[in-house]
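Below is one structure; the comments refer to it alone.
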């Protein structure tokens, strides 16, 4: 019984204590609701390198997407269809995957479409005689001499190019061959018409007698000129007479020599005997011999003079004959010119003359048209059979047509063989970006891949009324290495673009720790014991990831390990 009483007392006492401990007076309740004493939130001052980055979330894909369209028809140069008006129908569609320079991109109506390297798009068919920068581009692709003219060497190179790939270069179609034949026939008809008109003009009654007279005058002139050209220096009769006179000179010379010898013998003394005294010489009479010598000498002189006189006579007679021949030529020439002028005047006034003039003009026009057409006639490259791409090798990312489709627009999308990440950044961040800045790509599994910022911005126009500081700007980044990225095409990548660095370790504090005083100078508050602080004037530098570079205005006032106030709490 006593035990029960004791337990009851204790139970009542415990309940009373519990209730009493939970009961508070109004003053106790007010004290409990009072705010605690403020304390400081601080952060340590660190020495480390700061790197400012712009983060981009983008998609990994192949770079430089380019839509491919055909510049014209394939297999011809006519209208919207083929050379014969048939629709342009795909027979072999582009196949996604790598494509190299010179490879067949697709087939249309059984004809090839080649991919070649070049920045200038194909925009017209290339025909013989075509000139321009696009021809130079084709010549560089075919590796022939670059002249800028679609010449014979280029035609030969085009033939070889197609044949090596199992095709035949585009020859003139049926319509072109018909046009050439018609132009040739036009020239032939014009020639025949002109010949007939000229014949009719020459055979006219008002022209024919004058034409005959002109022909006769021409023949007489030819004969006179030939006679003048073949006139002999000496006639046979003169040659005979000159020979006779020559013999007379030789005979006179012989007589002179004989007379001289006889006179010399007569004047020579006789030899005296050796045993008897020399008799007195008897004078010899040589006067007769001297007379004979004088006569012979005179005869020789006269014979020589006769030859000289006859030679002068021959010269005079020859000059006379030549002058007569020249006069005959002049007379014949005057007659020929007179006859020609008469014939020309007759032709001018003839009714057929105007017809001949028209025939001459028609023939000239027909020949000009044929010559101009021939300049562009021959092997050509249709506008749709070549697609120039800025960079090769590349890859076909997507085929936009299937076999059986007609060509109406884009046939494929081509990208470069390199990888790229496309994304966007805010306008304010875009102002910090420049091409060729270094970046780091992070894959889904955390792998880091070095990259480079290729382009900032695009052709997108800013919406009207939109502020310059709002919106986004597209960016394109290129990985420095493509190893292991092929399987990640289409996946999301996080890219951090480095826009600045301290190039070494510096003092860094949280951005929230820097305040601007009334004097406009930045300061930080360094925490001391007992919630006391002291202000330190600083110069700020690069900001990165919520931290900022600081340099104390006075050396030693701020160091690593100090704690700066971020906020008062």
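Residue numbers (full-length UniProt numbering): 1 to 569.
The beta carbon of each residue, even a glycine, is placed where N, CA and C say it ideally should be.
Query, Result
"Exposed or buried, which one is residue 231 when buried takes at least 16 other CB atoms within 10 Å?", "exposed"
"With 16 other CB atoms within 10 Å as the buried threshold, where does residue 94 fall?", "buried"
"Alpha carbons only, please: which of 496, 501, 177 is nearest the one belonging to residue 442?", "496"
"Between the alpha carbons of residue 116 and residue 189, how many angstroms are there, rounded?", "46 angstroms"
"If we define contact as Cβ-Cβ less than 7 angstroms, is residue 449 a contact residue for chain C?", "The question asks about chain C, but that chain is absent: this structure has only one protein chain."
"Within a Cβ cutoff of 7 angstroms, which residues of the same chain sit near residue 463, ignoring the five residues on either side of it in sequence?", "With a pLDDT of only 44 at residue 463, under 50, the local geometry of the prediction cannot be trusted, and no value is derived from it."
"What separation, rounded to the nearest whole angstrom, lies between the Cα atoms of residue 457 and residue 498?", "17 angstroms"
"Please return the same chain residues whose Cβ sits closer than 8 angstroms to the Cβ of residue 250, not counting the five positions on each side in sequence.", "none"
"Taking 7 angstroms as the limit between beta carbons, can you name the residues of its chain near residue 65, skipping five residues before and five after?", "397, 413, 415"
"For residue 452 and residue 438, I'd like the C-alpha separation in whole angstroms.", "5 angstroms"
"If we count the other Cβ atoms within 10 Å of its Cβ and call it buried at 16 or more, is residue 459 buried or exposed?", "With a pLDDT of 46 at residue 459, under the threshold of 50, the modelled position of that residue is not reliable, and no figure is offered here."
"Tell me the start and end of each unbroken beta strand (DSSP E) in the stretch 376–414 that is at least 3 residues and wholly inside, in chain order.", "386–389, 394–399"
"Just checking, does the stretch 294–312 make contact with the stretch 250–259 on the three C-beta pairs under 8 angstroms criterion?", "yes"
"Could you please give the first and the last residue of the uninterrupted alpha helix (DSSP H) stretch that includes residue 154?", "152–164"
"For residue 422, is the classification buried or exposed, using 16 other Cβ atoms within 10 angstroms of its Cβ as the cut-off for buried?", "buried"
"Within its chain, find whatever has a CB closer than 8 angstroms to the CB of residue 524; leave out the 5 residues flanking it on each side and keep chain order.", "509, 513, 514, 515, 535, 536, 538, 550, 558, 564, 565"
"Distance check for residue 327 and residue 371, CA to CA, integer angstroms please.", "49 angstroms"
"State the DSSP-derived secondary structure class of residue 301, mapped to helix, strand or coil.", "helix"
"Could you please give the first and the last residue of the uninterrupted alpha helix (DSSP H) stretch that includes residue 457?", "Run containing residue 457: none; DSSP gives neither H nor E here."
"Among residues of its own chain, excluding the 5 on either side of residue 500, which ones have a beta-carbon nearer than 6 angstroms to its beta-carbon?", "52, 542"
"Looking at residue 87: is its Cβ nearer than 7 angstroms to the Cβ of residue 406?", "yes"
"For residue 547, which residues in the same chain have their Cβ closer than 7 angstroms to its Cβ, ignoring the five residues on either side in sequence?", "50, 508, 509, 510, 511"
"If we ignore side chains and look at the alpha-carbon of each, how far apart do residue 545 and residue 97 end up?", "42 angstroms"
"Quick one: Cα of residue 146 to Cα of residue 404, how far?", "38 angstroms"
"Drop a sphere of 10 angstroms on the beta-carbon of residue 316, count the other beta-carbons inside from all chains shown, and report buried for 16 or more, exposed for fewer.", "exposed"
"Along the beta strand (DSSP E) that carries residue 234, what are the first and last residues, could you check?", "Segment: none, residue 234 is in no beta strand (DSSP E) and carries neither H nor E."
"Assign residue 106 to one of three DSSP states: helix, strand, or coil.", "strand"
"Do residue 68 and residue 387 have their C-beta atoms within less than 7 angstroms of each other?", "yes"
"Would you kindly work out how many angstroms separate the C-alpha atoms of residue 175 and residue 182, rounded to a whole number?", "11 angstroms"
"Starting from residue 522, follow its DSSP beta bridges and name the residues at the other end.", "516"
"Residues in the same chain with beta-carbon distance under 6 angstroms from residue 218, minus the five sequence neighbours each way, listed in chain order, please.", "336"
"From which residue to which residue does the beta strand (DSSP E) around residue 69 run?", "66–69"
"Please identify the residue among 377, 227, 42, 343 whose C-alpha is closest to the C-alpha of residue 321.", "227"
"On a CA-only basis, which of 112, 304, 476 is nearest residue 70? Give me that one, please.", "112"
"If the criterion is Cβ atoms closer than 7 angstroms, does the pair residue 286 and residue 267 meet it?", "yes"
"Assuming residue 494 and residue 55 form a contact by the criterion Cβ under 8 angstroms, report the distance between their Cβ atoms to the nearest whole angstrom.", "7 angstroms"
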